[in-house]
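Before any comments, here is the structure.
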Amino acid sequence: MARAKLFALKRPYPRQSWNKHNVYNIFRYRLPSTAGRTFFQQKFKAKQETRRFHGEYLTERKWNSMFRHTLRGVVRMNPAEMAANDGSAAVAGRGSGVDVPTEVRRTVRRLHEPPIPFAQMAFAPLERRLDTAVYRALFASSIRQARMLCVHGKVAVNGVKMPHAGYMLNPGDMFSIDPMVVMKAIGQGAGSKVYTKLSDQAKSDLITAIETGQKERKSSSYLKRDDKKVLSGNTKAEVEDNFVKTSSTTSNPESSEKKEGDAEEAVEESKGFKLPPDWRSYLPRHPRWKLYDTWQPRRFMNLFAFIPRYLEVNHNICHAVYLRHPVARSGSAEIPNPFNNETMQLAYNWYLRRR
Amino acid sequence: MVVRLRLARFGARNRPLYNIVVAQARTARNSKPMEVIGTYDPIPKPSHDGDGKPFKDIQLDVTRAKYWLGVGAQPSDPVWRLLAMFGLIEPQWKIARIEAQREDKAVYEKVQKVKIIPDAAAKQASSTTANS
Amino acid sequence: MPPRLRPSGLPPPTNVISEPFSSSPLLPYLLPLHHLYITLPSSSSSPSSSRQFSTSTPTPARVRTRFEKTPGTRNGFLDWLKKFAGRLNVPSPQNNIPVYMQYNKPPLPLLKGGGRPNAVGFVKRPRKMEPNLVDWEQVAKNATMSPFPTNPTYKVHPALSTEFREQIYQRVREGRSVRRVSAEVNCELERVAAVVRLKEIERKWIETNRPLATVLQTRIHAMMPISQWKPGQPHHETITDLRIHPATNNQLFLSVPESMPFNRQDAAKALGILPADIRMPHSELIGVEKMKLQRVPVEEMIAREAQREQDEIAAINAKREAVEKRRNAGKVVETERFRFRLRPAVVGQVGYRYGVPAEDRKRGINKIPTRVD
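Chains as they are written, first to last, in the working numbering: chain A, 1 to 355; chain B, 1 to 132; chain C, 1 to 373.
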């Protein structure tokens, strides 16, 4: 239901998603025109359009409580210039700087940097939300998926599970997801397809990992439970027995040519090996784990593959740090969206509540 | 009525936090006590280095605790355990005591040997409580 | 009256220059030769060149309305997908050239001699585009950094390459301060700290044989612009970005004698904020520049900078020790499973509330934690 509304082809609205329909909609999206509209109508329209992109899953009430009229910006400073003069020249004369010949002023103006697009920061408070940051760090293919990952408890902030998608990140917060989950989320196909094409090496690795893991766990759990049992010959024999059994099955040279399918099936079929239900938990222990080899990014990911400057992401471990709040600087703002300054300015004015 | 040293439960559901309080024995658990002498957070927090044991925090005003013990306040079992960690009283070993009553001498001796903190201050504190 | 946006027509502050500025070549670590406070505006920043990549005419409006008005909208979309979508994935494996929203036919520039000239002299484009025939440098030069065609103000900033991160990490591991490394590699302070933090985790993963998602990393980096490590002149971003203080957004009327100088310090005092010379990240660079203006001998400069750094580190260490001391105050009792931290307390200052209603379960109270330590 929500899906049909999100990516309607009849009326295109850009959304924060890598969905193919959304790509198409962004392609043919036209900014709202102000012609023939009163100022109020212009603001209303701009608010409508921008809210469809920014936090469309939040109620207006929720967003209103988050909105702040202060907009963050930065100016580049030049230490050499600051060392050379103390700024008094700028206010000398009649309060508007020392008189400069017109030609010089013209050249100076040409060197002027483009203005700071402050209006682009109107929705900056949303960027602090955990789900938005997860999407921006390329850990999810849409903002709704990012939200889902949070709510399902896949996301940790500073190593602590954070099931609230609305958690407001503080500068310096580190959030992380299991790489396996990320690869599923932004990989081609849905669900278990990450596991599909297992190389033969990977298959044998998987089996070895599970075997060694099981062995370790068995012995350690017995150790914990009771010292006596471990010392008795009974358990020892059991472990050994198990080891012999599994190793004999793996040494079975029969058909490693089975090609694709789910990993579980692939392994089971090829080696005649019964995977335990918790087989995934054995994976990370093994050094030669090559399951990731065949990962493919989702289609159209290249159009959205950019990370804003206020995040530092390490995809090797799927951890990211929220460095600071997003800012606007001369000529560019740090919040990705398809709206121009005029539209954003109108939307910002709408939320100033003085209409 | 007896004056007791006991815990008063605060915090939220599944997230207890305790005040170590001095209160009349028959008053309600969370009623206003005579004095709050410390807190106890029973939820283990992961250690900073990551590999060590998780830790729990206990805060206690030791001088006030000593005073209340001195005037005959009776600690509840959980508080007894906490005060024993501060070395204010001998550790209370319920099971050990029962077994000792059964004249299981070996176990009794073993229990006698165990001291949580081999600390001079602890000994002194316990001797003061014993004296009073 | 609503608070106004900063008027775009105003001239920028005088102490912002648009030219690359190189610092002293004589302080190799403190102030490297390549040190750039300002990056040159890239070619894509000018509005004229923002859509340089698509030389063919943009799709006319009536074509768009066809999709919108025809009843068979879905078919229209499928047509579009066939026509354009294949070209959205223009491979750019070598130079990390982004293909943000290049909807039109990519006129990939060819290397000289790439196409075969026919009898008339026109260069015929090869039917199948070979990656080694494409002039990737040219593509990179022309690439627009705006992923959204309707918003030219959003520019994609490159990400740090893995080598860049490794270099940062190695420098910090050598014992250099974050501030120094930041100035050295031209990368924000916070970013340097974050890179080190993330690399530490990565190292732990490697040590415990936990597999890294290197495929993910390389694939993603292949799709986006990347700041490559240049041994002589590493540069990622400007490091002296000063946050505009909210107090400066409002007008302030102050009568000042015309004969009296009114400098940055006075302005800060009038506004009730710290002067920019202190608030600016890497404010120590101002001191270095001042020394250069005073023609302080190089040895002296290095000595002073080293002293300043030492003092800074000592101050940080003292602070950290104090915190550590406070944290570890009191005894620790170890049991089989837990470590009990015993801390002294004072009656009256310890304990949870009495007589205050608990509002934590009340409707409308925000239950989402505001910080995670």
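A virtual CB, placed ideally from N, CA and C, is assigned to each residue, including glycine.
- In this structure, DSSP gives B/Thr27 a state outside helix and strand, which the three-state scheme calls coil.
- Between C/Pro261 and A/Ser88, the CB-CB gap stays under 7 Å.
- In the DSSP assignment, A/Tyr348 falls within the unbroken alpha helix (DSSP H) covering 341–351.
- The straight-line gap separating the alpha-carbon atoms of C/Val156 and A/Phe306 is approximately 6 Å.
- Chain-ordered, the chain C residues with CB closer than 7 Å to the CB of A/Ser88 read Pro261, Phe262, Asn263.
- For C/Glu334, the chain B residues whose Cβ falls inside 8 Å of its Cβ are Lys53, in order along the chain.
- In this chain, the beta strand (DSSP E) harbouring A/Asn314 covers 311–314.
- Under the three-state reduction of DSSP output, C/Glu174 falls in the coil class, being neither helix nor strand.
- Taking 4 residues as the minimum length, the alpha helix (DSSP H) runs contained wholly in the segment 192–264 of chain C are 214–223, in order along the chain.
- Using a Cβ-Cβ cut-off of 7 Å, A/Leu149 does not count as an interface residue toward chain C, since no Cβ of chain C sits closer than that to its own.
- Residue nearest to C/Gly355 within the set B/Phe86, B/Ala65, B/Leu88, B/Pro33 is B/Pro33 (criterion: CA-CA distance).
- Among the residues facing chain B, C/Ala322 is not included, as its CB has no counterpart in that chain under 7 Å away.
- Listed along the chain, the chain C residues whose CB falls inside 8 Å of the CB of A/Ala84 are Glu289, Leu293.
- From the listed residues C/Gln349, C/Arg197, C/Gln167, C/Pro344, the smallest Cα separation to A/Ile317 is found for C/Arg197.
- Interface flag for A/Thr70 against chain C is set, since a Cβ pair is found closer than 7 Å.
- Remark: C-beta atoms of B/Gln59 and C/Ala345 approach each other more closely than 7 Å.
- The beta carbon of A/Pro117 sits closer than 6 Å to the beta carbons of Ala328, Ala333, Asn341 from its chain, once the five residues preceding and following it are set aside; these are given in chain order.
- Shown in chain order are the members of the segment 337–353 of chain C whose Cβ falls below 7 Å from a Cβ of chain B: Arg337, Phe338, Arg339, Phe340, Arg341, Leu342, Arg343, Pro344, Ala345, Val346, Val347, Val350, Gly351, Tyr352.
- Of all residues in the segment 155–171 of chain C, only Lys155, Val156, His157, Ala159 place a beta-carbon less than 7 Å from a beta-carbon of chain A.
- Considering only C/His236, C/Asp277, C/Ser259, C/Trp205, the residue with the shortest C-alpha distance to A/Asp86 is C/Asp277.
- In this chain, the beta strand (DSSP E) harbouring A/Ala320 covers 319–322.
- A/Val181 and A/Arg144 have their C-alpha atoms spaced approximately 15 Å apart.
- Distance from A/Ala84 to C/Leu293 at the Cβ level is roughly 6 Å; contact confirmed, criterion being Cβ atoms closer than 8 Å.
- By the Cβ test, the segment 330–338 of chain C is not in contact with the segment 118–129 of chain A, since fewer than three Cβ pairs between them sit closer than 8 Å.
- According to the DSSP assignment, A/Asp173 belongs to the beta strand (DSSP E) that extends over 173–176.
- Per DSSP, reduced to three states, the secondary structure at B/Asn19 is strand.
- Here C/Val192 has Ile168, Val172, Val178, Val181, Ser182, Val185 as same chain residues with Cβ atoms under 8 Å from its own Cβ, once five neighbours each way along the sequence are excluded.
- Per DSSP, reduced to three states, the secondary structure at A/Ser330 is coil, with no helix or strand assignment.
- DSSP lists A/Ser142 as the bridge partner or partners of A/Ser17.
- The alpha-carbon of A/His54 is positioned some 21 Å away from that of A/Thr34.
- In this model, C/Gln349 and C/Lys199 are separated by some 42 Å (Cα to Cα).
- When the Cα atoms are used, A/Arg136 and A/Trp18 turn out to be separated by approximately 12 Å.
- Residue range 35–45 is occupied by the beta strand (DSSP E) that includes B/Asp41.
- Separation of the CB atoms of B/Pro54 and B/Lys66 is rounded to 29 Å, and the pair is thereby denied contact status at 8 Å.
- Residue pairing by DSSP puts A/Gly187 in a beta bridge opposite A/Pro297.
- C/His235 counts as buried, since at least 16 other C-beta atoms from the protein chains shown sit within 10 angstroms of its C-beta.
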